[in-house]
Amino acid sequence: MTTSKPAASVSDSAAKFDRIRRAHQSEVAEDYVEMISDLIEETGEARTVDLAARFGVTSPTVNAIVRRLQRENLVETRPYRSIFLTEAGKALAESSRARHQIVRDFLVTIGVPETIAEEDAEGVEHHVSEETLAVFAQITAAGKI
Numbered sequence: 055m056t057t058s059k060p061a062a063s064v065s066d067s068a069a070k071f072d073r074i075r076r077a078h079q080s081e082v083a084e085d086y087v088e089m090i091s092d093l094i095e096e097t098g099e100a101r102t103v104d105l106a107a108r109f110g111v112t113s114p115t116v117n118a119i120v121r122r123l124q125r126e127n128l129v130e131t132r133p134y135r136s137i138f139l140t141e142a143g144k145a146l147a148e149s150s151r152a153r154h155q156i157v158r159d160f161l162v163t164i165g166v167p168e169t170i171a172e173e174d175a176e177g178v179e180h181h182v183s184e185e186t187l188a189v190f191a192q193i194t195a196a197g198k199i
């Protein structure tokens, strides 16, 4: 006789998918503020054309996302100037970068080649819980599983 796992309650299931939807919505914002921060560190400024090139999208696409980031108080723009991170944008970029590093380091620790770990971390960082990140960090600190 096989025992099956009880089905998740409707509210548990809805909560899980709500968390996933929110992660998808914040993914673009996190990627953009992190890239804006990187560009400012590398070149001293973040321009629409540079973001478009880095993400492989058009300038109008970048402009639409930057407008959204402005509404969310993550960036500021000035006419004929670069894109600047607000304090909230800087905090989000730092948090995203830290999450990425934890995931990447964990993947390398479990044997994933560095180039693949770097790419995979880009997707995982947006969807992993704080609890899972903490476990990843513990395993990485121990240096083994």
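First residue of the sequence shown? That's 55 in the working numbering, and the numbers climb one at a time after it. Heads up, the beta-carbon is just placed ideally off N, CA and C, and yes, glycines get one too.
In its own chain, which residues sit with a C-beta less than 8 Å from the C-beta of residue i, not counting the 5 before and 5 after it?
| i | result |
| --- | --- |
| Gly197 | Thr163 |
| Leu187 | Arg153, Ile156, Val157 |
| Ser113 | Thr102, Val103, Ala106 |
Going by beta carbon distance, what residues of the same chain come within less than 7 Å of residue i, once the five residues before and after it are set aside?
| i | result |
| --- | --- |
| Glu168 | Val162 |
| Val178 | Val157 |
| Val82 | Ile119 |
| Glu172 | Arg158 |
With a 10 Å radius around its C-beta and 16 neighbouring C-beta atoms as the bar for buried, classify residue i as buried or exposed.
| i | result |
| --- | --- |
| His181 | exposed |
| Glu84 | buried |
| Gly143 | buried |
| Ala100 | buried |
| Tyr86 | buried |
Below 6 Å CB to CB, which residues in the same chain sit around residue i once its five sequence neighbours on both sides are set aside?
| i | result |
| --- | --- |
| Thr194 | Asp159, Phe160, Thr163 |
| Ser150 | Glu84, Glu88 |
| Ile94 | Ala100 |
On the premise that residue j lies in contact with residue i, defined as a C-beta separation below 8 Å, what is that separation, rounded to the nearest angstrom?
| i | j | result |
| --- | --- | --- |
| Ile90 | Ile119 | About 10 Å separates the two Cβ atoms, so there is no contact after all. |
| Glu130 | Thr140 | 6 Å |
Starting from residue i, trace the beta strand (DSSP E) both ways and give me its first and last residue.
| i | result |
| --- | --- |
| Glu179 | No beta strand (DSSP E) holds Glu179; DSSP gives it neither H nor E. |
| Val129 | 129-131 |
What first and last residue would you give for the alpha helix (DSSP H) that runs through residue i?
| i | result |
| --- | --- |
| Glu141 | 141-163 |
| Glu184 | 184-196 |
| Val120 | 113-125 |
| Arg108 | 102-109 |
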